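Residue numbers (this note's numbering), protein chains in the order written: chain L, 3 to 211; chain U, 3 to 211.
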DNA sequence: GCAAACTGGTACGGCTTCGTACCAGAAAGG
DNA sequence: CCTTTCTGGTACGAAGCCGTACCAGTTTGC
């Protein structure tokens with residue numbers, strides 16, 4: 003019996019190689035899944051539903067993913083990379099600017115990406131140990147990066163790794179909670195007002211120094 | 003047709019009135035659900051599964067709840083009441099004590115209640131708009147209470163409602179993130195060490211003042 | 001006792017999703 | 001062309017859960 007595996011007699015189709023077509027389908031599935039998970043919600047999502055939105059046969063789902071959870075993980079990687087870019091975009095040489103830039107970037111991203119933000123703020127949570135692990139890794143990574151930017155702005159500070167983890171978690175956790183609260187609020191104050199409140203808090207903190 | 007509704011010809015059974023029996027069954031369902039949601043997870047939970055653990059016929063589920071989500075809400079109210087007691091147990095007249103007591107109470111509760119904490123930290127998230135609303139309400143409430151205790155310990159501070167909300171969210175969010183990170187790292191390091199790190203951070207903050 | 005209410009166990013139809021298979025038509029290659 | 005691969009649409013069995021109904025045995029009120 004000769005090798006009859008799928009990749010054996012691969013041919014171009016519509017001018018694209020097999021690998022290119024597979025990758026394109028994978029991207030379409032991920033894009034469709036972001037839409038479905040971010041609107042209907044992951045809990046009510048089905049393989050068939052995602053494929054319908056993607057305009058692909060169910061067969062092609064299993065070509066790229068084994069389970070819906072695998073697709074969720076791929077979706078999350080895309081979403082979190084985008085968020086990471088947003089919250090770490092700002093530069094700053096003093097603590098207030100760093101923290102303010104982080105929160106501002108977060109709220110901006112949530113506002114500009116309502117679907118993706120629902121995926122990140124709600125849908126990926128509590129799905130499975132594996133997804134939780136992913137989530138924790140990225141949260142820690144962003145927290146570490148924030149610490150890296152924050153610590154040098156405060157001379158004479160040499161936190162232990164454990165303290166850095168504490169500060170990173172606290173910053174990320176605070177940002178998430180503020181974002182979640184903002185999203186779930188019935189009447190959302192404009193982002194600018196929220197940031198003005200933040201400035202007030204940070205100002206009071208500085209005044210105490 | 004005479005009234006044949008269930009409550010019409012109610013009789014005591016095993017010495018208990020109908021209302022008492024119904025309430026007892028409800029409690030058993032809630033207790034079973036905490037166990038199921040906190041171990042198997044809400045996502046994989048079924049009505050039949052919860053009833054089996056509770057040792058009750060499925061019929062009695064629908065006697066007290068219309069959907070599994072209703073039961074989750076009831077479960078959450080029980081769990082959050084317990085957590086609330088834990089995180090607000092400590093007294094304190096200075097900011098460091100208040101914050102430390104909050105974090106300490108949170109971690110203690112997580113450590114002593116692994117099942118309930120999984121429900122609160124993971125399972126209730128991203129279920130539905132209704133559950134999210136519940137979650138947000140309790141988080142805000144705890145944040146407000148923390149603010150109420152924190153603000154008087156810092157003389158000359160009169161935060162606006164918006165600023166109070168900011169601080170409350172930040173505290174609660176930081177606490178949750180720290181707890182989640184701790185749980186996902188299998189509670190390493192031990193709670194005492196983690197609190198020592200917190201003391202270090204708070205100490206550095208004070209030193210800056 | 002005896003009828004009526006209650007309990008716990010089992011059973012069943014209906015529904016939804018999964019994962020795969022089949023089929024007809026388009027595109028590629030010799 | 002004519003065969004082979006690829007695509008998209010439809011179909012189908014298997015499985016799990018829902019919500020309800022039925023049934024046998026117990027407890028209660030009269």
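Every residue, glycine too, gets a C-beta built ideally from N, C-alpha and C. Remember, predicted model here, so these are calculated numbers, not experimental data.
- Of all alpha-carbon atoms in U:54, U:32 and U:45, the one lying nearest the alpha-carbon of residue 67 of chain U is that of U:32.
- C-alpha of residue 202 of chain U to C-alpha of residue 180 of chain L: approximately 25 Å in a straight line.
- In this structure, DSSP gives residue 93 of chain L a state outside helix and strand, which the three-state scheme calls coil.
- In the same chain as residue 128 of chain U, and ignoring 5 residues on each side of it, the C-beta atoms closer than 8 Å to its own belong to 134, in chain order.
- Your pair residue 138 of chain U and residue 183 of chain L checks out as a contact, with CB atoms roughly 6 Å apart and the cut at 8 Å.
- Contact annotation: residue 119 of chain U and residue 112 of chain U have beta-carbon atoms nearer than 8 Å.
- For residue 63 of chain L, the nearest beta carbon of chain U is not closer than 8 Å to its own beta carbon.
- Judged by their CB atoms, residue 23 of chain U and residue 56 of chain U are not nearer to each other than the 8 Å cut-off.
- In the DSSP assignment, residue 78 of chain U is bridged to no other residue.
- With a cut-off of 8 Å on Cβ pairs, the stretch 162-169 of chain L is in contact with the stretch 192-199 of chain U, counting three or more such pairs.
- If the five residues before and after residue 96 of chain L are omitted, its C-beta is found closer than 6 Å to the C-beta atoms of 155, all from its own chain and listed in chain order.
- Between the alpha carbons of residue 38 of chain L and residue 49 of chain L lies a distance of about 10 Å.
- According to the DSSP assignment, residue 49 of chain U belongs to the alpha helix (DSSP H) that extends over 49-56.
- For residue 15 of chain L, DSSP records a beta bridge to L:18.
- Short of 6 Å from the beta carbon of residue 89 of chain U, and not among the five residues preceding or following it, lie these beta carbons of its own chain, in chain order: 104, 107 and 108.
- With 16 or more other Cβ atoms inside 10 Å of its own Cβ, residue 175 of chain U counts as buried.
- Neighbours of residue 169 of chain U in chain L, taken as residues whose beta carbon is under 9 Å from its own, are 203 in chain order.
- Between residue 27 of chain L and residue 58 of chain L, the C-beta gap is smaller than 8 Å, which places the two residues in contact.
- Counting only residues of its own chain and dropping the five nearest sequence neighbours on each side, residue 140 of chain U has a CB closer than 6 Å to the CB of 82.
- Contact annotation for residue 162 of chain U against chain L: 199 and 202 [CB-CB distance below 9 Å, chain order].
- Burial check for residue 77 of chain L: the Cβ neighbour count within 10 Å reaches 16 or more, so the residue is buried.
- In the three-state scheme derived from DSSP, where H, G and I count as helix and E and B as strand, residue 129 of chain U is classed as coil.
- U:121 is the residue among U:157, U:195 and U:121 whose C-alpha sits nearest the C-alpha of residue 42 of chain U.
- With fewer than 16 other Cβ atoms inside 10 Å of its own Cβ, residue 116 of chain U counts as exposed.
- For residue 177 of chain L, the enclosing alpha helix (DSSP H) begins and ends at 163-186.
- Closest option to residue 151 of chain L, judged by alpha-carbon separation, among L:51, L:100, L:136 and L:190: L:100.
- Residues of the stretch 104-129 of chain U with a C-beta atom less than 7 Å from some C-beta of chain L are 124, 125, 127, 128 and 129, listed in chain order.
- Going by DSSP, residue 159 of chain U is part of no alpha helix (DSSP H) at all; its letter is neither H nor E.
- Within the stretch 20-34 of chain L, no residue places its CB atom closer than 8 Å to a CB of chain U.
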